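What follows is a single structure, written as structure tokens, with notes after it.
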Amino acid sequence: MSSSQPIISIDKVGKWFGHFQVLTDIDLEVRAGERIVICGPSGSGKSTLIRCINHLEKVQQGSIVVDGIDLTSHKGKNIEAVRREVGMVFQQFNLFPHLTVLQNCMLAPMHTRGTSEADAKATAMKYLERVRIPEQADKYPSQLSGGQQQRVAIARALCMNPKIMLFDEPTSALDPEMVKEVLDTMISLADDGMTMLCVTHEMGFARSVADRVIFMADGKILEQAPPQDFFGKPEHPKLQAFLGQILSQHH
12 MSSSQPIISI DKVGKWFGHF QVLTDIDLEV RAGERIVICG PSGSGKSTLI RCINHLEKVQ
72 QGSIVVDGID LTSHKGKNIE AVRREVGMVF QQFNLFPHLT VLQNCMLAPM HTRGTSEADA
132 KATAMKYLER VRIPEQADKY PSQLSGGQQQ RVAIARALCM NPKIMLFDEP TSALDPEMVK
192 EVLDTMISLA DDGMTMLCVT HEMGFARSVA DRVIFMADGK ILEQAPPQDF FGKPEHPKLQ
252 AFLGQILSQH H
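For the record, in the sequence shown the residue sitting at position 238 is 249 according to the working numbering, with numbers rising by one throughout.
Right, dumping it as structure tokens:
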């Protein structure tokens, strides 16, 4: 696959919940190694969009192709294949409370990739080092802070060696003092060249990490630009209002 091929290609995607259209005519191409931040007011379809990329949500219209695999052709095998390539980190950490941190990280590679216990453990420790909490390996999730739990969730996703990482508001459930440690972890992943799509309200993160920032409202992509243009020369009135609101909250 040449790097000119997008790793994610979303074409004219529409999605409804009942009669309510959550996504309208979404077109988006993401190149391998690109870092995309998606922002917008709540209810704009941001989380739904990234949940469609690993088929946690089905689309009713258009197509989504991830790493050459068409998700919308409804073959179960395709979906499994894509989920192996795509790591997902949610707002809630979704760790198994009865498993240790290490066991949480070893579970998926052993079950879905058939990795041996020794290899799974080595990989898990490597990524716990990577997110800077190897010393927590034998603790249970309830013994960790929210920020630590979210870093475990990131390590767990990385243990599958995904080509793409999706983050759905990964810091919004955290106390303010824990946000930075999770963002720092994500920044270091971005520095490694990981393809990332991140739904977040953390505009500092968007400015420093994103190759492109995408603004969604009412289920549509209204604007996308590199950070300097996105923040410096917003064109759409809704984006101008959104940025104005965010700035006023920080003063």
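Each residue gets a CB set at the ideal place from its N, CA and C atoms; glycine is no exception. In this text, all values refer to a predicted model and were calculated from it rather than measured experimentally.
Exposure of residue i, with buried meaning 16 or more beta-carbon neighbours within 10 Å
i	result
Phe104	buried
Ile257	exposed
Leu200	buried
Gln109	Here residue 109 is His; the residue named in the question, Gln, does not match the sequence. Exposed, since its Cβ has fewer than 16 Cβ neighbours within 10 Å.
Ser259	exposed
Gln159	buried
Glu234	buried
Lys26	buried
Ala129	exposed
Thr134	buried
Ser13	Reliability fails at Ser13, whose pLDDT of 40 lies under 50, so the model's placement of it is uncertain and no value is given.
Pro120	buried
Thr126	buried
Thr83	buried
Residue i versus the options, residue with shortest Cα-Cα distance
i	options	result
Ile225	Glu40, Thr182, Met197	Glu40
Glu213	Phe107, Pro238, Asp229	Pro238
Ile61	Ala201, Gly79, Leu34	Leu34
Ala228	Gly54, Glu68, Ser127, Val190	Gly54
Val48	Met99, Glu180, His247, Gly29	Glu180
Ile232	His30, Gln16, Arg42, Thr59	Thr59
Val100	Ser15, Glu146, Cys170, Gly125	Cys170
Val24	Gln72, Cys50, Ser15	Gln72
Tyr138	Val190, Asn172, Thr123	Asn172
Val97	Leu106, Phe107, Gly79, Ser84	Gly79
Asn115	Thr83, Ser153, Ile90, Gln102	Ser153
Cys50	Arg223, Gln251, Thr211	Thr211
Gln16	Gln102, Leu106, Thr123, Val77	Val77
Close beta carbons around residue i, own chain, < 6 Å, minus the five adjacent residues each side
i	result
Gly44	Gly204, Thr206
Ser198	Note on identity: in this sequence residue 198 is Ile, with Ser being the wrong assignment. Hits under 6 Å: Val220.
Ile21	Ile37, Leu39, Ile75
Gly56	Val33, Leu34, Met227, Gly230
Leu208	Ile47, Ile61, Leu177
Which of helix, strand or coil DSSP assigns to residue i
i	result
Ile144	coil
Val93	helix
Gln72	strand
Leu233	strand
Ser55	coil
Gln32	strand
Glu40	strand
Ile175	strand
Cys116	helix
Ala184	coil
Met205	coil
Cys50	strand
Ile18	coil
Phe101	coil
Arg124	coil
Cβ-based neighbour list, residue i, same chain, cut-off 8 Å, excluding 5 preceding and 5 following
i	result
Lys132	Leu113, Met117
Arg162	Val142, Arg143, Ile144, Glu192, Val193, Thr196
Lys150	Thr111, Val112
Leu185	Gly157, Gly158, Gln161, Val193
Glu246	Glu234
Gln251	Pro245
Straight-line gap, residue i to residue j (C-alpha atoms, nearest Å)
i	j	result
Lys174	Arg167	14 Å
Ala236	Ile18	19 Å
Asp81	Gly157	36 Å
Leu177	His66	12 Å
Thr182	Ala164	12 Å
Lys88	Arg95	11 Å
Ala92	Gly215	34 Å
Arg42	Phe31	31 Å
Val5	Glu146	This structure does not reach residue 5, given that the chain is present from 12 up to 262, and the question cannot be answered.
Gly255	Val190	22 Å
Cut-off 7 Å between Cβ atoms - residues of its own chain near residue i, not counting five sequence neighbours on either side
i	result
Arg218	Pro238, Phe242
Pro52	Ala228, Phe253
Lys249	Ala228, Leu233
Met136	Pro145, Ala148
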